[in-house]
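Counting from 1, position 62 in the sequence shown corresponds to residue 62 in the numbering used here; the numbering is continuous, with no gaps.
C-beta: ideal position from N, C-alpha, C; glycine also.
This report refers to the structure that appears directly beneath it.
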Amino acid sequence: KSSMNRSIGQRVMCRYDGDGYFYTGTIQKNQDGRTIVLFDMDIEQETSGHTLLPINNSNSQLSLFVHDYVLVRQIKETEEYWAPGLVLCLPSLYVLPSNLYMIQIYDPSSKQVGIQR
């Protein structure tokens, strides 16, 4: 049995090509026999060339450091997704709560900004 067949049905997080965010889904085979991720939002995407992150609690890291890459849970209306981020600043040891990190979050959408000189 190949390692890919053993992972069919496994819950994973995978980057969705449509917007660059990570979403949860299940590894499956489509009618052509290719391995796909069926995202929880009912969209399919081939797994070839994508990193699949298994969903389990053992991947949590208790200590983060400046410049660590992280995935940040986001919720928009009823949709949950995970945005790539970069740790910019660690929590202060002297301020409560002491578990707040400053994270720069990736946002692929364009924004209009006004600049005055």
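{"Asked": "Distance, Cα to Cα, Tyr106 vs Tyr23?", "Found": "14 Å"}
{"Asked": "Hey, out of Asp32, Arg15, Val66, whose CA is closest to Gly49's CA?", "Found": "Arg15"}
{"Asked": "In the structure shown, what three-state DSSP assignment does Arg34 receive?", "Found": "coil"}
{"Asked": "Could you tell me the alpha carbon to alpha carbon distance between Gly33 and His67, rounded to whole angstroms?", "Found": "40 Å"}
{"Asked": "Report the rounded CA-to-CA distance for Lys1 versus Ser7, giving the unit in angstroms.", "Found": "Below a pLDDT of 50, predicted positions are generally treated as unreliable, and Lys1, at 37, falls in that range; the measurement from the model is reported next regardless. Lys1 and Ser7: Cα-Cα distance of roughly 10 Å."}
{"Asked": "Based on the DSSP secondary-structure assignment, which residues constitute the bridge partners of Gly25?", "Found": "Val12, Phe39"}
{"Asked": "So the beta strand (DSSP E) Tyr69 belongs to, where does it begin and stop?", "Found": "69 to 76"}
{"Asked": "Quick one: what does DSSP say Leu90 is sitting in, helix, strand or coil?", "Found": "coil"}
{"Asked": "Restricting to Cα atoms, I'd like to know which of Ile103, Leu100, Pro108, Met41 is closest to Thr78.", "Found": "Met41"}
{"Asked": "So for Gly85, helix, strand or coil by DSSP?", "Found": "strand"}
{"Asked": "Under three-state DSSP, which class holds Ile105?", "Found": "strand"}
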